[in-house]
Amino acid sequence: ISETNHSMVTEFIFLGLSNSQELQISLFVFFFVFYVGIVLGNLVIVITVAFDSHLHSPVYFLLANLSLIDLCLSSVTAPKMTADFFSKRKVISFKGCLGQIFFLHFFGGGELVILIAMAFDRYVAICKPLHYTTIMCGNVCVGIVAAAWGIGFLHSVSQLAFAVNLPFCGPNEMDSFYCDLPRVIKLACTDTYRLDIMVIANSGVLTVCSFVLLIISYTIILVTIQHHPSDRSSKALSTLTAHITVVLLFFGPCIFIYAWPFPIEALDKFLAVFYSVVTPLLNPIIYTLRNKDMRAAMRRLRKRTMNCRIKS
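Right, here's the structure in full:
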């Protein structure tokens, strides 16, 4: 019996994505390939930015941190989900469930701040280019990343506070493949209407407000580019397109999961898969394929690695 929340439930059972054994094998292959791609793709970005001096600038520093957070965020759910495809009984302990909730919101909150910071970086670079080096100095970038991890921690603690003292006396089956607050609340042996409202007010409002702020920021930047065209406009527009795509991929599922008051189980499950597995893989693809500097840096890193192998 858990002494933390005085409940009889000590574990939760995931219903998973499918009951078909044949389909689960196909899903295992699909998600395993995706997760390997997430790990390799995001690690390549982090290593490339760290070891290539041409990329030692604020925008790539923030990009490396975004990739690191994406890697961590997908690792909260993807490994267990992949392993569970071979389990007849998909079980997670109560403490493990709370751990998933904590780290999901920890990394999710951090990614939200990093995306806002990347929008601010592009705003300063395009709208105030003469003051860019002063505003986006090294200390500011380090402070932004520290704030991202700090805000992520505070957000996750606030989410965990909702769930840790809830009474759970059964049922303990969850129609999902990972633990998150909206799903866990539904299993509590108490009236959860107020808690549902608090989740929407906490995660939902935060997500929607951040999304609106980002859309306004990118609209201002696009208007500025249109009114003040230059030789760098096409490159700036290409970078902005990548940023806006990533923002839509991240915030779209989050808004439906946390802010939409009329959840649809099948849609929520699809969006959860998209948010935790697909988006972290698309981010490095978007940033590497659409960015000439990143592609050039990766070629330099590959040549350097090959030269080291030849010399050894």
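According to my numbering, the residues represented by the sequence shown are 13 to 324, in order.
Glycine included, every Cβ here is placed at the ideal spot set by N, Cα and C.
Since this is a predicted model, take the numbers as computed values, not measurements.
Using a Cβ distance threshold of 8 angstroms, Asp133 and Leu74 count as a contacting pair.
With a cutoff of 8 angstroms on beta-carbon distance, Phe46 and Leu293 are scored as near each other. For the pair Cys181 and Met20, the CB atoms are nearer than the 8 angstroms cut-off. Here DSSP, grouped into helix, strand and coil, assigns Lys102 to strand. If you look at Phe44, you'll find it in the alpha helix (DSSP H) that goes 33-63.
The segment 205-218 and the segment 43-61 do not touch, with fewer than 3 CB-CB distances between them shorter than 8 angstroms.
DSSP places Ile25 inside the beta strand (DSSP E), whose first and last residues are 23-26.
DSSP places Asn295 in the uninterrupted alpha helix (DSSP H) bounded by 291-301. Between Ile267 and Tyr230, the beta carbon gap of about 17 angstroms keeps them out of contact (Cβ cut-off 8 angstroms). For Pro194, the enclosing alpha helix (DSSP H) starts and ends at 193-197.
The three-state reading of DSSP puts Met93 in helix, counting H, G and I together. The three-state reading of DSSP puts Met186 in strand, counting E and B together. Assignment of Ser30 by DSSP, reduced to helix, strand and coil, places it in the coil class.
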